[in-house]
Amino acid sequence: MANTCDVLANCQVVQDIVNDVSGQHADDATWVLTSSFVILTMQSGFGMLELGCAARGHEVNIMLKNVYDVVFGAAAYYLLGYGISYGYPSNAFMGLGGFLMDTSTDSFEMQVQSGLRFSSYIFQFSFAATSTTIVSGCLAMRCRFAVYCMYSFYAVIVYAFVAHWVWAETGWLAQLGVHDFAGSGPVHLLGAVNGLIGILCMGPRQGRFDGT
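Take 1 as the starting number for the sequence shown in UniProt numbering and just add one per residue.
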């Protein structure tokens, strides 16, 4: 009987700790989500910029590309991206757990902070979507819509590896002392390189040099 009471008391202590920690992280999660939504507004900004650089008749196609960057990017980052970037356990190259946002492989500390973890997923996904959208302007009027949708999914997976190298504690670039506070490498440099590769593969825009 005494052992049962001790077990129940210990369970109550653990529950109290979980409640305290969850309450402490509620404000953190709210702030992270607010910052995420601010970053996601960049999608509309990129869309407006691309509309100003493209020929008439391509407005709907360009805006849909920016929408699908978010749609396919969210799916890709949920399925694989977050686990590759910040999954536990991990090595210098990639994360090895946490796919499909599964928390069963997490440490107890991370499971207690699950609310903060899911808000972190939204925050990190917003960076992934921004990196993908940078390429949208490069590929405007250069590729078919279906091809771009496949790129939107694939690009987020590529971003996940680079994000792990730079921002995860076990990433090989982080181990070398690399510091990136706002995404100049995983977001902007990676997006620029992807855009350059797309331009070189696709060639000039239709009508750019044929006089039409």
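By construction, the Cβ of each residue, glycine as well, lies at the ideal position given by its N, Cα and C atoms.
The structure displayed is predicted, hence computed values, not measured ones.
Residue i to residue j, Cα distance in whole Å?
{"i": "T41", "j": "S126", "result": "9 Å"}
{"i": "N61", "j": "V67", "result": "10 Å"}
{"i": "Q175", "j": "F153", "result": "28 Å"}
{"i": "Y77", "j": "L64", "result": "19 Å"}
{"i": "S36", "j": "G57", "result": "32 Å"}
Based on the DSSP secondary-structure assignment, which residues constitute the bridge partners of residue i?
{"i": "G95", "result": "S90"}
Taking the Cβ atom as the reference point for each residue, do residue i and residue j lie within a distance shorter than 8 Å?
{"i": "G81", "j": "P89", "result": "no"}
{"i": "L190", "j": "I122", "result": "no"}
{"i": "A26", "j": "G95", "result": "no"}
{"i": "G198", "j": "A92", "result": "no"}
{"i": "A129", "j": "D69", "result": "yes"}
Between which two residues does the alpha helix (DSSP H) harbouring residue i extend?
{"i": "F46", "result": "M42 to C53"}
{"i": "D69", "result": "E59 to A76"}
{"i": "F181", "result": "Taken as a continuous stretch (DSSP letters only), F181 belongs to no alpha helix (DSSP H), as it is neither H nor E."}
{"i": "C149", "result": "F145 to W167"}
{"i": "M202", "result": "L190 to M202"}
Taking 7 Å as the cut-off, is the beta-carbon of residue i closer than that to any non-hydrogen atom of the ligand NAP?
{"i": "Y68", "result": "Although the ligand NAP was asked about, the structure shown includes no ligands whatsoever."}
| said: Closer than 8 Å is the cut-off here; do at least three beta carbon pairs connect the stretch 143-159 with the stretch 185-204? | reply: Yes: at least three Cβ pairs fall under 8 Å.
| query | Does the stretch 156-171 come close enough to the stretch 133-140 that 3 or more CB-CB pairs lie under 8 Å? | reply | Because the criterion of three Cβ pairs below 8 Å is not met, the stretch 133-140 and the stretch 156-171 do not touch.
| message | Can you confirm whether the stretch 153-163 touches the stretch 76-89 when touching is taken to mean that 3 or more C-beta pairs between the two stretches lie within less than 8 Å? | response | A contact exists between the stretch 76-89 and the stretch 153-163.
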